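>
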Amino acid sequence: MTQVSAAPLAALPTEAATGRMLRPSIWRKLSRDKAAMLAAVFLVVVVALGVLAPWITPYDPYDNNLRNMLKPPSAAFWLGNDGLGRDMVSRLLFGIRTTLTMGIIAVAAGGSIGAVLGLLAAYFRRLEGPIMRVVDVLLSFPSILFGLAIAAVLGAGTFSITIALTVAAVPAIARITRAAALVVMQQEYISACRAIGMSDGRIIFRHLLPNCASTIFVYLTLQLGQTILLGAALSFIGLGAQPPTAELGTMAADGRNFLFFAPHVSTIPSVAIFLIVLAFNVLGDALRDVLDPRLRQ
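This note's numbering puts the first residue of the sequence shown at 11, with every later residue one more than the last.
#1: Three Cβ pairs or more, each shorter than 8 angstroms: is that satisfied between the segment 155 to 169 and the segment 248 to 255?
#2: Is the Cβ-Cβ distance between P279 and G105 less than 7 angstroms?
#3: To the nearest angstrom, how far is it from the Cα of A116 to the Cα of V126?
#4: Does I206 pass the burial test, meaning 16 or more other C-beta atoms within 10 Å, or should it be called exposed?
#5: If R96 and D73 are in contact, beta carbons under 8 angstroms, what's the gap, nearest whole angstrom?
#6: Hey, A184 and G124 are a contact pair by Cβ (cut 8 angstroms); roughly how many whole angstroms apart?
#7: Select from I200, L297, S153 and I186 the residue whose C-alpha is nearest the C-alpha of V177.
#8: Helix, strand or coil for N291? Go by DSSP, reduced to three states.
#9: Per DSSP, which one or two residues make a beta bridge with D97?
#10: Between A16 and the rest of its own chain, which residues show a CB-CB distance below 8 angstroms, the 5 nearest in sequence each way excluded?
#11: Tell me where the alpha helix (DSSP H) around Y199 begins and ends.
#12: How is D299 classed by DSSP in three states: helix, strand or coil?
#13: Just how far apart, CA to CA, sit G167 and M261?
#14: Apart from the five residues on each side of it in sequence, which residues of its chain come closer than 6 angstroms, Cβ to Cβ, to M31?
#15: How long is the line joining the alpha carbons of V295 and I186, rounded to whole angstroms?
#16: Beta-carbon within less than 6 angstroms of L53's beta-carbon, same chain only, minus the 5 sequence neighbours each way: which residues are those?
#17: Can you look up T255 in the DSSP assignment and give me helix, strand or coil?
#18: Among the candidates R77, L297, G90 and T109, whose CA atom is the shortest distance from the CA of P273?
#19: Measure the alpha-carbon distance for S84 versus N78 and round it to whole angstroms.
#20: Please look up how many angstroms separate the CB atoms of V51 and L110, rounded, as I've assumed it's under 8 angstroms.
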């Protein structure tokens, strides 16, 4: 029995060896996709601007100066000023910082919870029913309702909206992870691991999770764009970051009353949201094409 069971394991490359074999191929394919590389470079620049915002902003983003109220873009203020005379460049950089922070934290936390639930549902079949029924209930509610409910309990603010975005990210990632894990569970090496007495935890985290990681990572990339868009929408209706905190959705909402005579106040943060979400979607689509085994030559 040991000879038959151990053979598939011996034939399998380790995760590190698999990573070494796949990494050059992944980068080569991504480098040939000009749209994906452009999106990746754009996101790197955006993240860097958000991280460095406290040190590179030309003005204090919270400094009101009514003499500069609603001024159009000029040499002194490259993107103009908002309704309180605050510099739009400084506000935009801090807004990117806040929006990305909320989105990344929510997707990281929601993705981790959803991935664990999906793996448990796929591996322990007795848990599949209860876990997936809870996931189905969560999926039946529009994501924006989580924001309304949590804001009603915790109050509006960045903490509340981050919790809402985290909860909204869990069910979809759990379903994606479960579907990917069920495919891996049909492989012979999983049966071989069980036959030699490997513990459940080791099978899940050493073999099941690494083989689902590419699918999870691709979906998280796509989910990040959707989470940022949802967070901006919740902030736009007043459930997210509260004034004077700079956040892209809040900034777009602040400029609604000035659209006809100072459109830059609302359109600049709106365009920033559009470009960031588009970049995440383009990069996620490219990663899906590269990491999907059925599309490899």
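Positions of the beta carbon are idealized from the N, C-alpha and C atoms, including for glycine.
Every value quoted in this text rests on a predicted model; they were computed, and no experiment measured them.
Looking at the atomic coordinates:
#1: Result yes; three or more Cβ-Cβ pairs closer than 8 angstroms.
#2: Against the sequence shown, residue 279 aligns to sequence position 269. Against the sequence shown, residue 105 aligns to sequence position 95. Yes, Cβ-Cβ distance for P279 and G105 is below 7 angstroms.
#3: Translated into positions along the sequence shown, residue 116 becomes position 106. Translated into positions along the sequence shown, residue 126 becomes position 116. Taking the straight line from one Cα to the other gives about 15 angstroms.
#4: By 1-based counting over the sequence shown, the position of residue 206 is 196. I206 is exposed by the Cβ-count criterion.
#5: Here residue 96 refers to the residue found at position 86 of the sequence shown. Here residue 73 refers to the residue found at position 63 of the sequence shown. Right, their Cβ atoms sit about 6 angstroms apart.
#6: Counted from its first residue, the sequence shown places residue 184 at position 174. Counted from its first residue, the sequence shown places residue 124 at position 114. The beta carbons of A184 and G124 sit about 4 angstroms from each other, so the pair counts as a contact at 8 angstroms.
#7: Locating residue 177 in the sequence shown gives position 167, where the first residue counts as 1. Closest option to V177, Cα to Cα, is S153.
#8: Indexing the sequence shown from 1 puts residue 291 at position 281. Secondary structure at N291: helix, using DSSP grouped into helix, strand and coil.
#9: Locating residue 97 in the sequence shown gives position 87, where the first residue counts as 1. According to DSSP, which records beta bridges pairwise, D97 is partnered with N91.
#10: Your numbering for residue 16 matches position 6 in the sequence shown. Low local confidence applies: a pLDDT of 38 at A16 is under 50, so the model's placement there is unreliable, with the coordinate-based value given in what follows. When the five nearest sequence neighbours on each side are left out, the beta carbons in the same chain lying within less than 8 angstroms of the beta carbon of A16 are those of A202 and I206, in order along the chain.
#11: Start at 1 with the first residue of the sequence shown, and residue 199 comes out as number 189. First-last of the alpha helix (DSSP H) with Y199: E198 to A205.
#12: Taking the first residue of the sequence shown as position 1, residue 299 is located at position 289. Reduced to three states, the DSSP call for D299 is helix.
#13: Reading the sequence shown from its first residue, position 157 is the one you call residue 167. Reading the sequence shown from its first residue, position 251 is the one you call residue 261. Roughly 14 angstroms between the two C-alpha positions.
#14: By 1-based counting over the sequence shown, the position of residue 31 is 21. The predicted model places M31 with a pLDDT of 40, which falls under 50 and marks its position as unreliable; any figure quoted below should be read in that light. Nothing meets the Cβ criterion.
#15: Taking the first residue of the sequence shown as 1, we reach residue 295 at position 285. Taking the first residue of the sequence shown as 1, we reach residue 186 at position 176. The amino acid at residue 295 is misidentified as Val; the sequence shows Asp. Roughly 15 angstroms between the two C-alpha positions.
#16: Along the sequence shown, read from residue 1 onward, the residue named residue 53 stands at position 43. So the qualifying residues of the chain are A289.
#17: Position 245 of the sequence shown, counting from 1, holds the residue named residue 255. Coil, per DSSP.
#18: As a working note, residue 273 is residue 263 in the sequence shown. It is G90 whose Cα lies nearest to the Cα of P273.
#19: By one-based count along the sequence shown, residue 84 stands at place 74. By one-based count along the sequence shown, residue 78 stands at place 68. Just so you know, the alpha carbons of S84 and N78 end up roughly 11 angstroms apart.
#20: As a first step, residue 51 is located in the sequence shown; it is residue number 41 there, counting from the start. As a first step, residue 110 is located in the sequence shown; it is residue number 100 there, counting from the start. Contact between V51 and L110 is ruled out by a C-beta separation of about 16 angstroms, above the 8 angstroms threshold.
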